[in-house]
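K.L.:
I have a structure I would like to understand better, so I am pasting it below and will then ask my questions one at a time.
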Amino acid sequence: MPGMPKTASRSVRLLQGALIALGIVTLSAPWAVAGEQPTQQQGTTQQDASEQIVTQKDIDQGLYELVFSPSQQSIYVAATGGFGEGESDNYGENEGGSIYRLNSQTLEVEETIALDQKPFGLALNEKTHTLFVGHTLDKSVTAINLEDNTTRHLALATEEEKAQAKEDDVFGPNPRQLSVDEQSNTLYMTGVGDKSVLWVIDGDNLALTDTIEGFGTWATGLAVDHDGRRIYVSTMKDNAVRAVDMDSHEIIAQWPTGGEGPLNLALDVERHQLYVTNAGSGNVTVLDTQNGKLKDTFESGEGALALMLEGDRLYVTNRKAKTVTIYDRDSHKLLDTVQTPLMPNSLMAISDTSGVYVSLKQPLDENHQTDKPDSVIHIKP
Numbered sequence: 000m001p002g003m004p005k006t007a008s009r010s011v012r013l014l015q016g017a018l019i020a021l022g023i024v025t026l027s028a029p030w031a032v033a034g035e036q037p038t039q040q041q042g043t044t045q046q047d048a049s050e051q052i053v054t055q056k057d058i059d060q061g062l063y064e065l066v067f068s069p070s071q072q073s074i075y076v077a078a079t080g081g082f083g084e085g086e087s088d089n090y091g092e093n094e095g096g097s098i099y100r101l102n103s104q105t106l107e108v109e110e111t112i113a114l115d116q117k118p119f120g121l122a123l124n125e126k127t128h129t130l131f132v133g134h135t136l137d138k139s140v141t142a143i144n145l146e147d148n149t150t151r152h153l154a155l156a157t158e159e160e161k162a163q164a165k166e167d168d169v170f171g172p173n174p175r176q177l178s179v180d181e182q183s184n185t186l187y188m189t190g191v192g193d194k195s196v197l198w199v200i201d202g203d204n205l206a207l208t209d210t211i212e213g214f215g216t217w218a219t220g221l222a223v224d225h226d227g228r229r230i231y232v233s234t235m236k237d238n239a240v241r242a243v244d245m246d247s248h249e250i251i252a253q254w255p256t257g258g259e260g261p262l263n264l265a266l267d268v269e270r271h272q273l274y275v276t277n278a279g280s281g282n283v284t285v286l287d288t289q290n291g292k293l294k295d296t297f298e299s300g301e302g303a304l305a306l307m308l309e310g311d312r313l314y315v316t317n318r319k320a321k322t323v324t325i326y327d328r329d330s331h332k333l334l335d336t337v338q339t340p341l342m343p344n345s346l347m348a349i350s351d352t353s354g355v356y357v358s359l360k361q362p363l364d365e366n367h368q369t370d371k372p373d374s375v376i377h378i379k380p
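Using numbering that gives the first Met the number 0, the first residue of the sequence shown is number 0, and each one after it goes up by one.
Here it is, written out as structure tokens:
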């Protein structure tokens with residue numbers, strides 16, 4: 000993917016780069032072109048949204064990832080609150096946001112945790128009751144103690160380093176996807192940029208322990224296999240997945256994803272299968288983690304973004320198609336296509352039988368603005 004035009008301010012390019020990396024493919028990415036809608040497989044139905052969506056709540060502008068905490072019996076969702084209009088060359092840098100705690104039954108906001116930086120990615124360590132928050136625009140991460148909402152903050156770049164990057168016209172690396180290994184309380188986080196990295200962070204002390212380089216341009220998705228001692232990272236520009244040894248932190252393999260514009264990963268450890276959403280080609284590809292070979296490819300929808308394995312189902316959000324597609328985990332047969340009122344973004348589940356919760360996003364204008372709130376919905380097939 001080519002760099003952003005140098006005529007644009009760095010703040011504009013930072014926001015555009017962050018939005019593309021986060022999956023908002025309505026911006027001008029070379030692979031973000033209109034494609035054919037996936038055809039329904041025989042024997043499946045596309046039901047009206049009203050039949051599948053049991054709850055919908057407007058929350059705030061700029062919703063992104065969401066997680067469920069069993070100990071708190073609550074849903075937590077990241078909200079940027081929108082982006083500045085750029086009057087001071089800002090567009091969201093050094094601006095605050097919120098984490099909303101939602102009632103898991105009604106989706107009503109029960110508590111607001113204010114943050115000094117805008118939140119995007121989330122990862123929860125339920126053992127330590129810690130919610131990790133990635134700040135894509137500010138190159139930092141926050142840890143929230145959900146017992147008392149106290150926070151700790153880790154900057155991944157100094158102000159001098161940020162200034163040098165601005166002078167050199169370099170994008171990133173900036174936090175994108177987070178995954179926590181609960182057994183070791185280690186946080187892994189992809190750094191998306193011109194020279195992407197994988198950050199390794201000690202969750203106990205919120206201290207950076209390593210920065211793994213060599214991921215090329217636009218690292219996006221992340222999956223962690225503690226027992227297999229492997230970490231998987233997708234990279235958008237070269238349509239690849241890299242496997243990292245969890246102990247040595249060495250990149251030990253690189254495989255083609257079999258699709259265009261890979262964004263997110265989901266890992267089936269027992270079946271040795273890695274699922275990849277490909278936004279550019281509108282499909283999901285399945286790789287064998289033992290050798291990297293392509294095992295399956297199936298259509299999902301335009302702008303395939305997030306995916307989640309839950310019970311005997313695979314859920315995929317298709318942002319530009321405004322659908323959530325649901326597949327049988329074993330056969331990959333399409334079971335349902337749920338039309339959503341807005342663009343679906345991130346996924347979360349409470350249990351195998353609870354269905355799925357999805358953050359929905361309003362379309363942005365050419366200045367990345369909207370005057371309407373994003374929503375959270377509960378889909379129960």
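Backbone N, C-alpha and C define an ideal beta-carbon position, used for all residues, glycine too.
Here the structure is a predicted model, which means the values were calculated and not measured.
Since leucine 466 contacts serine 350 with CB under 8 Å, what's their CB separation in whole angstroms?
P.N.:
Missing from the structure shown is residue 466; the chain here goes from 0 to 380 and no further.
K.L.:
Bridge partners for arginine 151 per DSSP, in chain order?
P.N.:
DSSP, once it has assigned bridges, lists Ala142 as partnering arginine 151.
K.L.:
On the DSSP bridge list, what partners appear for leucine 65?
P.N.:
Answer is Val76, bridged to leucine 65.
K.L.:
Since alanine 218 is in the beta strand (DSSP E), which residue starts that stretch and which ends it?
P.N.:
That run of the beta strand (DSSP E) goes 218-224.
K.L.:
Could you check where the alpha helix (DSSP H) with glutamine 163 kicks off and where it finishes?
P.N.:
Taken as a continuous stretch (DSSP letters only), the alpha helix (DSSP H) holding glutamine 163 covers 158-167.
K.L.:
I need the boundaries of the beta strand (DSSP E) containing phenylalanine 297, first residue and last residue.
P.N.:
Residues 293-298.
K.L.:
Smallest Cα separation from aspartate 327: which of Ile143, Trp254, Gly257, Thr336?
P.N.:
Ranking the options by Cα distance to aspartate 327, first place goes to Thr336.
K.L.:
Closest by CA to threonine 210, which one among Asp203, Val191, Arg228?
P.N.:
For threonine 210, the nearest C-alpha among the options comes from Val191.
K.L.:
In chain order, what residues of the same chain lie with their CB nearer than 6 Å to the CB of threonine 79, ignoring the 5 residues before and after it?
P.N.:
Contacts found: Gly61, Gly96, Lys117.
K.L.:
Apply the 10 Å Cβ neighbour rule to asparagine 144 and answer buried if 16 or more other Cβ atoms are within range, or exposed otherwise.
P.N.:
Label assigned to asparagine 144: exposed.
K.L.:
State yes or no: is the C-beta of lysine 321 within less than 8 Å of the C-beta of methionine 342?
P.N.:
Their beta carbons are under 8 Å apart, which means lysine 321 touches methionine 342 by this criterion.
K.L.:
Could you tell me if glycine 310 is buried or exposed, where buried requires 16 or more neighbouring beta carbons within 10 angstroms of its beta carbon?
P.N.:
By the 10 Å Cβ count, glycine 310 comes out exposed.
K.L.:
Do you know how far the Cα of leucine 106 is from the Cα of valine 375?
P.N.:
Cα-Cα distance, rounded: 7 Å.
K.L.:
What are the start and end residues of each continuous beta strand (DSSP E) run of 3 or more residues lying completely inside the segment 303-375, in chain order?
P.N.:
You should have 303-309, 312-317, 322-327, 333-338, 342-347, 355-360.
K.L.:
Any beta carbon from chain B within less than 8 Å of aspartate 193's own beta carbon?
P.N.:
Absent from the structure: chain B. Only one protein chain is present.
K.L.:
Given a threshold of 16 other Cβ atoms within 10 Å of its Cβ, counted over all protein chains shown, does proline 340 qualify as buried or as exposed?
P.N.:
Exposed.
K.L.:
Between which residues of its own chain and isoleucine 251 is the CB-CB distance below 6 Å, once the five residues before and five after are set aside?
P.N.:
For isoleucine 251, where only same-chain residues beyond five positions count, the Cβ hits under 6 Å are Ala242, Asp244.
K.L.:
Measuring only the C-alpha atoms, how far is lysine 56 from alanine 113?
P.N.:
Each residue's alpha carbon lies about 20 Å from the other.
K.L.:
Helix, strand or coil: how does DSSP classify glutamate 109 here?
P.N.:
Three-state result, glutamate 109: strand.
K.L.:
Quick check: what's the CA-CA separation for threonine 324 versus leucine 205?
P.N.:
Rounded to whole angstroms, threonine 324 to leucine 205 spans 37 Å at the Cα level.
K.L.:
In whole angstroms, what is the alpha-carbon distance linking serine 195 and glutamate 269?
P.N.:
Between serine 195 and glutamate 269, the C-alpha separation is close to 29 Å.
K.L.:
Please state whether DSSP places glutamine 71 in a helix, a strand or coil.
P.N.:
Looking at glutamine 71 - three-state DSSP - the assignment turns out to be coil, as it is neither helix nor strand.
K.L.:
Taking DSSP as the reference, what is the three-state secondary structure of glutamine 272?
P.N.:
DSSP places glutamine 272 in strand when its eight states are reduced to three.
K.L.:
Return the chain-ordered list of same chain residues with a C-beta closer than 6 Å to the C-beta of aspartate 137, the five sequence neighbours on each side being excluded.
P.N.:
Once the five neighbours on either side are set aside, the close Cβ partners of aspartate 137 are Gln116.
K.L.:
Can you tell me where the beta strand (DSSP E) holding glycine 190 begins and where it ends?
P.N.:
Run containing glycine 190: 185-191, per the beta strand (DSSP E) assignment.
K.L.:
Rounded to whole angstroms, what's the CA-CA distance from serine 233 to glutamate 50? Just pull it up for me.
P.N.:
Going by the C-alpha atoms only, they are around 35 Å apart.
K.L.:
Which residue's Cα is closest to the Cα of threonine 219: Ala239, Asn290, Asp147?
P.N.:
Answer by Cα proximity: Ala239.
K.L.:
Residues in the same chain with beta-carbon distance under 7 Å from isoleucine 378, minus the five sequence neighbours each way, listed in chain order, please.
P.N.:
Around isoleucine 378: Gln51, Ile52, Val323, Val337, Gly354, Val355, Val357.
K.L.:
Taking leucine 101 as part of the beta strand (DSSP E), name the residues at either end of that continuous run.
P.N.:
First-last of the beta strand (DSSP E) with leucine 101: 96-102.
K.L.:
With distances taken from CA atoms, which of Asp147, Phe119, Thr135 is nearest histidine 128?
P.N.:
Histidine 128 has its Cα closest to that of Asp147, out of Asp147, Phe119, Thr135.
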